[in-house]
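Below: the structure, in structure tokens.
Protein chains: 2
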Amino acid sequence: MPPHRARRIPEATVARLPVYLQILVEQTELGVESISSDGLAELGGVNAAKVRKDLSYLGSYGTRGVGYEVDYLVYQIRRELGLDHDWPVVIVGAGNLGQALAGYGGFNDRGFPVAGIVDIDDAKVDTLVGGVRVRPMSELSQIVASRNVSIGVVATPPASAQDAADRLVKAGVTSILNFAPVLLSVPVGVTVRKVDMAVELQILSYHEQRRASAAAAGTGGQLHAVPDEGRRGVSA
Amino acid sequence: MPPHRARRIPEATVARLPVYLQILVEQTELGVESISSDGLAELGGVNAAKVRKDLSYLGSYGTRGVGYEVDYLVYQIRRELGLDHDWPVVIVGAGNLGQALAGYGGFNDRGFPVAGIVDIDDAKVDTLVGGVRVRPMSELSQIVASRNVSIGVVATPPASAQDAADRLVKAGVTSILNFAPVLLSVPVGVTVRKVDMAVELQILSYHEQRRASAAAAGTGGQLHAVPDEGRRGVSA
DNA sequence: GATCGCATGTGCACAGATTCACAAGCGGTG
DNA sequence: CACCGCTTGTGAATCTGTGCACATGCGATC
Chain C
7 MPPHRARRIP
17 EATVARLPVY
27 LQILVEQTEL
37 GVESISSDGL
47 AELGGVNAAK
57 VRKDLSYLGS
67 YGTRGVGYEV
77 DYLVYQIRRE
87 LGLDHDWPVV
97 IVGAGNLGQA
107 LAGYGGFNDR
117 GFPVAGIVDI
127 DDAKVDTLVG
137 GVRVRPMSEL
147 SQIVASRNVS
157 IGVVATPPAS
167 AQDAADRLVK
177 AGVTSILNFA
187 PVLLSVPVGV
197 TVRKVDMAVE
207 LQILSYHEQR
217 RASAAAAGTG
227 GQLHAVPDEG
237 RRGVSA
Chain Y
7 MPPHRARRIP
17 EATVARLPVY
27 LQILVEQTEL
37 GVESISSDGL
47 AELGGVNAAK
57 VRKDLSYLGS
67 YGTRGVGYEV
77 DYLVYQIRRE
87 LGLDHDWPVV
97 IVGAGNLGQA
107 LAGYGGFNDR
117 GFPVAGIVDI
127 DDAKVDTLVG
137 GVRVRPMSEL
147 SQIVASRNVS
157 IGVVATPPAS
167 AQDAADRLVK
177 AGVTSILNFA
187 PVLLSVPVGV
197 TVRKVDMAVE
207 LQILSYHEQR
217 RASAAAAGTG
227 GQLHAVPDEG
237 RRGVSA
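Read top to bottom, the protein sequences are chains C and Y.
Residues in the first sequence are numbered consecutively from 7, following our numbering.
Residues in the second sequence are numbered consecutively from 7, following our numbering.
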């Protein structure tokens with residue numbers, strides 16, 4: 007077993023590691039072999055101390071006076087995130103969003119090949135989206151079992167989302183990415199993350215609204231606290 | 007001016023208000039007229055005290071011993087989030103994702119009509135997606151100006167995302183929802199939110215990974231800290 | 001091999017968010 | 001009109017995350 011397994015990494019850090027990873031991979035492709043916490047912070051739009059603290063949870067993989075070796079860091083982050091192998095995903099719902107997700111190369115490229123896409127509507131079955139043929143809902147379990155899928159994506163209308171989640175769980179999936187604007191109820195031991203685009207827009211709306219009423223109130227000066235860099239707005 | 011404007015609402019609360027709003031609107035449709043912090047907490051998957059504190063930032067709109075009047079709360083949250091009027095959005099990029107977003111009814115339904123979708127690739131111009139005709143990039147400014155758009159959505163490949171953002175800003179947009187996996191650099195005063203689906207999957211991967219290695223290490227018992235309810239997993 | 005510059009790793013103080021626990025106060029009941 | 005049950009609203013304690021500031025230690029240079 008590796009030196010110190012089982013250290014718990016703060017959620018906030020876990021959420022940033024993929025971002026660092028992305029940047030590091032890009033740097034590798036640009037031929038960069040070494041990077042400092044400052045450099046990484048700049049590219050990631052965060053504070054350098056935060057980068058160092060985040061990376062320190064993985065272990066002491068930097069060299070004082072020098073920086074981090076990009077390749078090695080990529081390897082370590084990948085290992086920590088469990089990205090040293092692919093995680094096939096199954097998509098439930100072949101509507102607009104499901105189709106876009108299946109067709110979106112970004113999944114495949116980043117280690118999440120689409121093992122299958124299923125829909126409860128037989129009219130959609132057998133149509134081809136993003137190189138994957140839509141299968142009937144009845145084949146869900148079989149897809150999960152045969153391709154060893156542990157991550158499911160819910161891309162159904164809100165009303166069917168809970169049903170989709172139930173079927174995924176029954177089929178053996180233990181992590182769910184939910185795009186439907188509803189709270190999924192799942193057994194303990196199953197991880198759910200929710201992405202709700204309307205919520206994101208509403209948060210932006212709040213900031214717009216605020217800006218507008220501040221302007222109306224005649225606030226002459228700075229509309230927002232000035233962040234680190236010159237060019238960079240509120241990241242709300 | 008209303009009683010106490012200009013109170014600052016914590017970001018964490020702002021991110022939850024849309025969720026409460028969604029639930030409250032559903033409850034209205036079910037004919038529910040009054041709801042307690044407990045009830046709302048249950049439906050939203052959060053702690054009741056948090057609900058009360060969140061709502062208290064809006065003002066004292068509840069009735070002790072009774073709860074909150076659903077209609078009135080909807081009205082207040084809408085007002086606070088700036089959802090008392092529509093916010094037309096413009097989408098840059100008519101690829102898979104852009105098309106799905108344009109076709110996704112959820113935007114329109116929730117106060118964010120698609121004012122236009124533009125693409126830099128002339129081959130895509132004039133095709134019809136989700137009832138909206140794709141326009142050339144050159145018309146971006148005109149769309150923003152004429153429809154009074156302040157929110158832009160970046161749905162381009164990563165390499166073009168910064169360019170898209172620059173054009174949006176130049177056209178007068180002050181909030182951007184970015185789906186490209188890159189850090190956008192924008193002037194101070196422009197708000198950016200990033201949604202990266204691969205990042206979400208990678209976070210799930212981390213939890214899967216953890217589960218797997220915990221199991222391998224022979225952890226007999228509970229895999230995760232038990233959350234509030236029986237049925238409900240890690241919400242990571 | 002001693003010295004110096006530089007970037008990491010971390011102790012510490014601060015800020016923000018969450019949760020507890022309870023006083024305040026509304027509405028119904030006798 | 002006094003009492004009681006119930007739920008809000010909020011002070012205070014706690015937990016989590018952030019960022020500063022500096023000691024630590026590596027590598028290059030002389």
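Just so it is clear, CB atoms sit at the ideal spot from N, CA and C, and this is done for glycine as well.
These numbers come from a predicted model, not from an experiment.
*Whose C-alpha, out of C:L103, C:I41 and C:V25, is nearest the C-alpha of V201 of chain C?*
Closest option to V201 of chain C, Cα to Cα, is C:L103.
Closest Cα partner of R141 of chain Y within the set Y:V155, Y:N154, Y:I126 and Y:R153: Distance from the Cα of R141 of chain Y is smallest, within the candidate group Y:V155, Y:N154, Y:I126 and Y:R153, for Y:I126.
Three-state secondary structure assigned by DSSP to P24 of chain C
Here P24 of chain C sits in helix by DSSP.
Three CB pairs or more closer than 8 Å across the stretch 198 to 214 of chain C and the stretch 151 to 159 of chain Y: Output reads yes: the stretch 151 to 159 of chain Y touches the stretch 198 to 214 of chain C.
For V196 of chain Y, does the three-state DSSP call read helix, strand or coil? Here V196 of chain Y carries a coil assignment [DSSP, helix/strand/coil].
For S62 of chain Y, count neighbouring C-beta atoms within 10 Å of its own C-beta (all shown protein chains included) and say buried if the count is 16 or more, exposed if not.
-> Label assigned to S62 of chain Y: exposed.
**Report entry** Cutoff 8 Å; reference T34 of chain Y; Cβ partners in own chain excluding five residues on either side
**Finding:** Same-chain partners within the cutoff: V76, D77 and V80.
Quick check on the DSSP output: the beta strand (DSSP E) that includes Y81 of chain C runs from which residue to which?
Y81 of chain C -> not in any beta strand (DSSP E); alpha helix (DSSP H) instead, spanning V76 to L87.
Buried/exposed call for H213 of chain Y, threshold 16 Cβ in 10 Å: Counting Cβ neighbours within 10 Å, H213 of chain Y comes out buried, since at least 16 surround it.
Name the chain Y residues whose beta carbon is nearer than 7 Å to that of L87 of chain C? Those are Q208, S211, Y212 and Q215, listed as they occur along chain Y.
Problem - Every unbroken beta strand (DSSP E) within the stretch 155 to 228 of chain C, with a cutoff of 3 residues, ordered by chain - result: Runs found: 157 to 160, 181 to 184 and 197 to 200.
Q. Would you say L30 of chain Y faces chain C, with C-beta separation under 8 Å as the test?
A. For L30 of chain Y, the answer is no, since every Cβ of chain C falls outside 8 Å of its Cβ.
_Rounded to whole angstroms, what is the Cα-Cα separation between K130 of chain Y and A220 of chain Y?_
Between the C-alpha atoms of K130 of chain Y and A220 of chain Y there is a straight-line separation of about 49 Å.
**Report entry** Residues near G109 of chain Y in its chain [Cβ-Cβ closer than 7 Å; skip 5 each side]
**Finding:** Here the set comprises V135 and G136.
Contacts of Y67 of chain C in chain Y (Cβ-Cβ under 8 Å) | Here the premise fails: no neighbours, minimum Cβ distance about 17 Å.
Check: Which of helix, strand or coil does DSSP assign to T69 of chain Y?
Finding: DSSP places T69 of chain Y within a strand segment (E or B) once states are collapsed to three.
Q) Do you know whose CA, among Y:V96, Y:P16 and Y:M143, lies nearest R153 of chain Y's CA? A) Of the candidates Y:V96, Y:P16 and Y:M143, the residue whose Cα lies closest to the Cα of R153 of chain Y is Y:V96.
In chain order, what residues of the stretch 102 to 120 of chain C put their CB closer than 9 Å to some CB of chain Y? Result list: N102, L103, G104, Q105, A106, L107, A108, G109, Y110, G111, G112, F113, D115, R116, G117 and F118.
Open item on the list: Between which two residues does the alpha helix (DSSP H) holding A123 of chain C run?
Closed with: The sequence as given places Ile at residue 123 of chain C; Ala does not occur at that position. Taken as a continuous stretch (DSSP letters only), I123 of chain C belongs to no alpha helix (DSSP H), being part of the beta strand (DSSP E) at V120 to D125.
Open item on the list: Please confirm whether P24 of chain C has its beta-carbon closer than 8 Å to some beta-carbon of chain Y.
Closed with: Yes, contact with chain Y.
(Q) Suppose the cutoff is 7 Å on Cβ atoms and the five residues either side in sequence are ignored; what does the same chain contact list for G178 of chain Y look like? (A) Result list for G178 of chain Y: V150 and A151, in chain order.
Of all the residues that make up the stretch 166 to 183 of chain C, which are near chain Y by a beta-carbon distance shorter than 7 Å? Within the stretch 166 to 183 of chain C, the residues whose Cβ lies closer than 7 Å to some Cβ of chain Y are T180, S181 and L183, listed in chain order.
Where R199 of chain Y meets chain C, residues with beta-carbon distance less than 7 Å = In chain order: E206, I209, L210 and A242.
What residues of chain Y sit near A18 of chain C, judged by a beta carbon separation below 9 Å?
-> Taking a Cβ-Cβ threshold of 9 Å, none of the residues of chain Y is close to A18 of chain C; the smallest such distance is about 11 Å.
* Of all Cβ atoms in chain Y, is any one closer than 8 Å to the Cβ of A21 of chain C? -> Yes, A21 of chain C counts as interfacial toward chain Y.
* Residues from the stretch 45 to 63 of chain C in contact with chain Y, defined by Cβ distance under 8 Å -> Here the close residues are L49, G50 and G51.
Shorter than 8 Å from the beta carbon of I157 of chain Y to some beta carbon of chain C? Yes, because at least one Cβ of chain C sits closer than 8 Å to the Cβ of I157 of chain Y.
Q) Which first and last residues belong to the alpha helix (DSSP H) in which R153 of chain C is found? A) R153 of chain C -> alpha helix (DSSP H) spans L146 to R153.
(request) State yes or no: is the beta carbon of G226 of chain C nearer than 8 Å to at least one beta carbon in chain Y? (result) Any reading at G226 of chain C must be qualified, since the residue scores a pLDDT of 45, below 50, and its modelled position is unreliable; the value itself is stated next. Taking Cβ atoms only, chain Y never reaches closer than 8 Å to G226 of chain C, which makes this a no.
- For M203 of chain Y, return the contacting residues in chain C, with the cut-off set at a CB-CB distance below 8 Å. By Cβ distance, chain C contributes L107, Y110, G112, F113, L183 and V201.
Would V232 of chain C count as contacting chain Y if we go by Cβ distances under 8 Å? Note that V232 of chain C has pLDDT 36, beneath the 50 cutoff, so the model's placement of it is unreliable and the number below is only indicative. Yes - at least one Cβ of chain Y is within 8 Å of the one on V232 of chain C.
Thinking just about the alpha-carbon of each residue, which of C:L107, C:P24, C:G112 and C:I29 is nearest to the one in G88 of chain C? Checked all of C:L107, C:P24, C:G112 and C:I29; the closest Cα to G88 of chain C is C:P24.
Thinking C-beta only, is V194 of chain Y closer than 8 Å to I182 of chain Y?
I182 of chain Y places its beta carbon 8 Å or farther from that of V194 of chain Y.
Does chain Y have any CB closer than 8 Å to the CB of L189 of chain C?
For L189 of chain C, the closest Cβ of chain Y is nearer than 8 Å.
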